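In my numbering, the protein residues as written are 149 to 863.
Where is the CB? At the ideal position from N, CA and C, for every residue including glycine.
None of the values given here were measured: they were computed from a predicted structure.
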């Protein structure tokens with residue numbers, strides 16, 4: 149391509165406004181397309197820089213060598229008249245060489261620049277730049293330097309903006325006031341590669357990419373990719389495209405952006421009715437036939453020689469008859485009594501006694517806690533005929549924390565010294581725009597959190613979602629249907645593409661089972677007593693966890709320090725900097741740097757996952773119906789639960805809910821934090837709430853206080 153320009157000329161205000169978005173990046177774009185800029189045949193502006201004394205007073209030079217060097221400047225080749233020194237100079241950096249205030253305010257006929265790099269100490273490369281008024285050399289290149297500005301004692305100045313210099317291959321680094329490129333005549337600016345136009349800026353400020361006739365401020369004919377955009381969850385407008393491809397915005401609240409409104413949203417059990425809900429409504433299944441409100445008692449009926457059991461079979465006993473007299477009554481039982489645990493049965497042959505002591509309590513659900521032992525920090529609780537449960541109480545052990553606080557206190561006693569309790573406190577935290585500002589007596593430090601802003605990512609995902617809502621079109625009509633239903637214990641698990649919803653059917657399990665509740669836990673002194681329904685209690689000695697004396701000693705040491713703290717510095721504990729690196733917020737004072745991980749505010753991975761899930765759904769889903777994935781019926785046949793949707797009927801066998809259990813139960817677990825929760829199989833948990841005061845900056849803690857939640861409210 150050949151681009152014709154008038155180098156160094158200013159663009160008009162209207163043209164500058166039209167090109168404002170392109171000004172800072174066009175050089176890189178031209179370099180990417182490999183554009184040949186040819187200024188042949190153009191008339192450059194005449195050199196007209198005034199200079200009214202023998203030498204310059206100040207020059208500015210553009211460095212085009214390797215980055216990271218040091219540069220020394222001198223008025224003489226012998227390097228005895230030093231001017232400025234620069235460290236860690238980077239490629240493209242402009243250096244100001246100024247004699248103001250020294251050497252009569254004048255540079256010499258030549259000014260010398262020494263490049264110090266690679267361990268050079270003597271004979272380092274030196275470049276001489278003529279700095280005589282008569283040289284008219286602004287814009288000239290001297291080794292790795294280009295003279296871009298000069299001025300004299302009368303404040304006459306000249307820069308490369310004032311002379312005619314063409315743009316060059318690889319791009320130029322130019323001052324801000326002359327970095328404009330374009331046409332002065334009212335004609336379009338076209339950019340071509342390979343003989344074909346790729347981009348055009350029209351004379352009235354419209355920009356076209358992939359089109360030579362743009363009709364909008366930015367008109368793109370082709371794919372558009374936007375990266376690293378910011379998000380703002382408070383906004384509710386998303387970008388959409390009309391039939392002509394013009395991008396507009398739409399209020400998100402006017403659209404269906406839900407990916408779950410066709411999934412099962414709830415399942416509950418009310419009495420004997422199982423209620424399953426999705427966007428199509430709620431279906432109820434009557435499970436009353438599974439409820440076994442009665443006992444396991446059955447009636448035996450004996451008629452003649454036939455023995456029948458209720459809801460069971462019949463046995464004919466006529467073959468057992470071997471009676472030798474004509475009296476039909478002398479073989480009947482005439483009495484039955486229970487004395488203690490002895491059952492006495494009397495007939496004409498006398499009385500027979502049966503010892504029933506082994507049956508005592510056999511038909512109940514009562515069990516005893518058989519013991520509780522504390523080994524180290526492990527509390528083991530034992531139950532009759534069941535598994536033991538062990539609780540790790542190490543989280544309640546605080547000697548290491550106390551030792552660390554005592555050490556930190558001693559370090560503070562050594563380093564702290566004024567009498568003010570407030571001059572090191574933060575006095576304000578504000579968040580404006582994307583800046584987090586923290587203020588204390590030392591002033592205000594600001595951290596830029598703009599990298600956490602991702603509203604554009606969310607807008608893009610919302611746009612993709614709207615496109616899918618508008619044109620849902622994969623070939624699958626089943627990927628949102630129920631895919632499975634099973635019964636685990638008393639939990640009914642129903643699965644579709646949205647995941648698995650579980651319904652607790654335990655209330656249908658026979659009311660005469662062996663479930664028991666922990667009824668309470670109390671702390672008396674250091675003894676924890678745990679109670680179980682209809683069983684023996686167990687007591688645990690927690691005295692090994694009591695550390696109030698250590699805490700009282702630390703509090704006393706702290707009070708002594710508060711009384712004696714007294715240096716004269718009001719700043720040695722102030723924050724000295726606040727920076728934000730990656731996702732870490734770093735706050736520094738005389739004690740060092742503390743870092744807070746703010747990565748939880750960063751949501752690009754979640755957005756990427758949502759976008760990926762959306763793409764997977766776009767690929768796999770394929771009809772426009774909002775109802776063909778809803779449940780259409782649910783029925784119970786015998787012990788089979790049948791759930792039907794457009795994909796057919798799935799059957800769940802609920803027969804395991806017909807109870808046949810024993811009265812043995814296991815303790816299923818115990819968890820600690822500041823509370824001790826003890827769990828039992830198929831029963832309510834009991835929680836012991838212990839508040840152990842840890843605030844060492846107040847008076848010594850009072851003894852630990854604990855209370856027990858009732859079984860009805862235990863969690």
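Exercise. What's the gap between the Cα of residue 689 and the Cα of residue 522?
Worked result: 7 Å
Exercise. Just the Cα atoms here: how many angstroms apart are residue 276 and residue 261?
Worked result: 6 Å
Exercise. Looking only at its own chain, which residues have a Cβ that is under 6 Å from the Cβ of residue 414, when we skip the five neighbours before and after it?
Worked result: 425
Exercise. Should residue 334 go down as buried or exposed, given a rule of 16 or more other Cβ atoms within 10 Å for buried?
Worked result: exposed
Exercise. What separation, rounded to the nearest whole angstrom, lies between the Cα atoms of residue 819 and residue 832?
Worked result: 14 Å
Problem set entry | Own chain residues within Cβ distance below 6 Å of residue 430, not counting five before or after | 423
Exercise. Helix, strand or coil for residue 528 per DSSP?
Worked result: strand
Exercise. Excluding five sequence neighbours on each side, which residues of the same chain lie with their C-beta closer than 6 Å to the C-beta of residue 484?
Worked result: 493
Problem set entry | C-alpha distance - residue 630 paired with residue 615, whole-angstrom precision | 26 Å
Problem set entry | Per DSSP, cross-strand counterpart(s) of residue 348 | 338, 356
For this session: Identify which residue in 723, 252, 219 has its Cα closest to the Cα of residue 236.
Result: 219
For this session: Please work out which residues of its chain come closer than 6 Å, Cβ to Cβ, to residue 798, disregarding the five sequence neighbours upstream and downstream, and give them in chain order.
Result: 630, 633, 791
For this session: Run the CB neighbour count on residue 529, radius 10 Å, all protein chains shown included, and call it buried at 16 or more, exposed below.
Result: buried
Exercise. Over what stretch of residues does the beta strand (DSSP E) that includes residue 742 continue unbroken?
Worked result: 740–745
For this session: Classify residue 609 as buried or exposed, calling it buried when 16 or more other Cβ atoms lie within 10 Å of its own Cβ.
Result: buried
For this session: Give the C-beta separation of residue 815 and residue 531 to the nearest angstrom, bearing in mind that I take them to be a contact with Cβ-Cβ under 8 Å.
Result: 5 Å
Problem set entry | For residue 640, the three-state DSSP class (helix, strand or coil) | strand
Exercise. Does the distance from the C-beta atom of residue 813 to that of residue 683 stay below 7 Å?
Worked result: no
Exercise. So does the region 495–503 actually touch the region 777–785, counting three or more Cβ pairs closer than 8 Å?
Worked result: no
For this session: Within 10 angstroms of the Cβ of residue 636, are there 16 or more other Cβ atoms? Answer buried if so, exposed if not.
Result: exposed
Exercise. By how many angstroms is the C-alpha of residue 392 removed from the C-alpha of residue 373?
Worked result: 19 Å
Exercise. Does the separation of the CB atoms of residue 525 and residue 536 fall below 7 Å?
Worked result: no
Exercise. Measuring CA to CA, which of 731, 757, 533, 290 is closest to residue 746?
Worked result: 731
Exercise. Assuming residue 343 contacts residue 358 under a Cβ cut-off of 8 Å, what Cβ separation, rounded to an integer in Å, is found between them?
Worked result: Incorrect: roughly 16 Å between the Cβ atoms, too far for contact.
For this session: Measure the CB-CB distance between residue 217 and residue 265 and report whether it falls below 7 Å.
Result: yes
Exercise. In its own chain, which residues sit with a C-beta less than 6 Å from the C-beta of residue 290, not counting the 5 before and 5 after it?
Worked result: 275, 277
For this session: Would you tell me roughly how many angstroms separate the C-alpha atoms of residue 491 and residue 459, rounded to the nearest one?
Result: 29 Å
Problem set entry | residue 380 - containing beta strand (DSSP E), residue span | Looking at the DSSP string, residue 380 is not in any beta strand (DSSP E), and its letter there is neither H nor E.
Exercise. Three-state secondary structure (DSSP) at residue 431?
Worked result: strand
Exercise. Going by alpha carbons, who is nearest to residue 435 out of 691, 419, 706?
Worked result: 419
Exercise. CB-CB under 8 Å to residue 253, same chain, minus the five flanking residues each way: which ones, in chain order?
Worked result: 205, 247, 301
Problem set entry | Contiguous beta strand (DSSP E) assignments of at least 3 residues, all confined to the region 394–424 | 395–399, 414–418
Problem set entry | Inter-stretch contact (C-beta, 8 Å, three-pair minimum) for the region 697–711 and the region 548–559 | yes
Exercise. Taking the Cβ atom as the reference point for each residue, do residue 603 and residue 380 lie within a distance shorter than 7 Å?
Worked result: yes
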